[in-house]
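Going by my numbering, the first residue of the sequence shown is number 130, and it counts up by one from there.
Think of the CB as a built atom: it goes at the ideal place given N, C-alpha and C, for glycine as much as any other residue.
Okay, structure first, notes after.
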Amino acid sequence: MDPSDHALTAGEKAKVEKAFAALPPLHQRILKGHLHSISFMDNMPNTALTSPVKTPDSTKMYNITFRAGILHETVSEWATQKESTCFDRSENQGYEIKVEAGGLDAFLFVLLHEATHVVDAVLEITPHPEQREALVKPTPFTKNVWHKMNVPTPNSTDSLLEKTRFRNGNRLSITLAPEVYRKLSKKPFPSLYGMASWFEDLAELESIYHLTRKMDQPFRVIVRKDDDELFRFEPMKNKQVKKRFRYLKLFYSA
Numbered sequence: 130m131d132p133s134d135h136a137l138t139a140g141e142k143a144k145v146e147k148a149f150a151a152l153p154p155l156h157q158r159i160l161k162g163h164l165h166s167i168s169f170m171d172n173m174p175n176t177a178l179t180s181p182v183k184t185p186d187s188t189k190m191y192n193i194t195f196r197a198g199i200l201h202e203t204v205s206e207w208a209t210q211k212e213s214t215c216f217d218r219s220e221n222q223g224y225e226i227k228v229e230a231g232g233l234d235a236f237l238f239v240l241l242h243e244a245t246h247v248v249d250a251v252l253e254i255t256p257h258p259e260q261r262e263a264l265v266k267p268t269p270f271t272k273n274v275w276h277k278m279n280v281p282t283p284n285s286t287d288s289l290l291e292k293t294r295f296r297n298g299n300r301l302s303i304t305l306a307p308e309v310y311r312k313l314s315k316k317p318f319p320s321l322y323g324m325a326s327w328f329e330d331l332a333e334l335e336s337i338y339h340l341t342r343k344m345d346q347p348f349r350v351i352v353r354k355d356d357d358e359l360f361r362f363e364p365m366k367n368k369q370v371k372k373r374f375r376y377l378k379l380f381y382s383a
């Protein structure tokens, strides 16, 4: 890929402004003091990247770079494409993964996810160890769910989930998708991507919570074969996920 800077059109700028206005109160307050800049690129290999910016003092500042294409995708379109990368369907064409997440702009969801990383970095809702393998004192959010930054506790995962893309980098046969989501529905994570690390766990949980509970949108992953529904994963109905909603209250009390 050959990434290049993307100049926003007037219509795209309006979408960006609308998305920032929809952020939770705490996000807006933290970003005012810690967001150095945002930028957009065409042909990015990933959707977005939050990076620290050097400052002359100890103030934490960040830049967020976005793939410009998400300005023209809905949350459902973008999330379906991302979820599909977890599975290999080359030998099983009848299977389909679809995320039903409404028709809002994908940029809104991705901005919320990346902005949550900034809030987390500033307030340390999750631990921020210098070494990824470090064993550190848990925060209330990570306690009993995470052992290390990217290692869930034994009770929070199982052997099949450990084989998924965001845990080990490999794609599973799409025939295993119903069982993957069945396993995930019994764990405290909001998504497969949320299992990548406690940073992604928090960002995914807050983003899906805000989309569904504050913006009245759906969020469900549906596995079908030849138009027959095999399994439906709705994280916001998962009892273990719902127990963690209390850690999200701070985002709405600023």
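{"Asked": "Here's the rule: buried if 16 or more other CB atoms are within 10 angstroms of the residue's CB, otherwise exposed. What is residue 219?", "Found": "exposed"}
{"Asked": "For residue 205, which three-state DSSP category applies?", "Found": "helix"}
{"Asked": "Could you tell me whether the segment 209 to 224 touches the segment 280 to 298, where touching means 3 or more Cβ pairs closer than 8 Å?", "Found": "yes"}
{"Asked": "Residue 147 by DSSP, collapsed to three states: which one?", "Found": "helix"}
{"Asked": "Measure the CB-CB distance between residue 163 and residue 241 and report whether it falls below 8 Å.", "Found": "no"}
{"Asked": "DSSP state of residue 167, grouped into three classes?", "Found": "strand"}
{"Asked": "What span of residues does the alpha helix (DSSP H) with residue 336 cover, start to end?", "Found": "327 to 338"}
{"Asked": "Measure the Cβ-Cβ separation of residue 350 and residue 228 and say whether it is below 8 Å.", "Found": "yes"}
{"Asked": "Note down, in chain order, each residue of its chain lying with its Cβ closer than 6 Å to the Cβ of residue 334, except the 5 sequence neighbours on either side.", "Found": "319"}
{"Asked": "Can you find a C-beta in chain D that's less than 8 Å from the C-beta of residue 275?", "Found": "Protein chains in the displayed structure number just one, and chain D is not present."}
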